[in-house]
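Q: My structure is below; once you've seen it, I'll send some questions.
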Amino acid sequence: MGFTVGRPVGGAVIRNKVRRRLRHIVRERLHRLPAGSLLVVRANPKAATARNDELAADLDAVLDRLLRREVKRRK
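Going by the working numbering, the letters in the sequence shown line up with residues 463 to 537, in that order.
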């Protein structure tokens, strides 16, 4: 897994805080991904002020959409 948190998110301290928060949230969801998956999470500026539950909900929505697409592709 990888994270991209660019300067528009904020200064270095803010970007590192966002990266740590995202790492924690993603770690709890890695079991949902197929073995051998590669995941890159790109944070937008709203991530700096979002609550953890909002970040988690956004990530869950994206993972749900990606996993549904993967299931359709396998059929």
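Don't be surprised by glycine CBs; every beta carbon is placed ideally from N, CA and C.
None of the values given here were measured: they were computed from a predicted structure.
According to DSSP, what are the bridge partners of Gly-464?
A: Val-502
Q: Determine the DSSP secondary structure at Pro-470, reduced to helix, strand or coil.
A: helix
Q: Between Leu-521 and Val-488, what straight-line distance do the alpha-carbon atoms span, to the nearest angstrom?
A: Leu-521 and Val-488: Cα-Cα distance of roughly 8 Å.
Q: Does the Cβ-Cβ distance between Leu-501 and Ala-509 come in under 9 Å?
A: no
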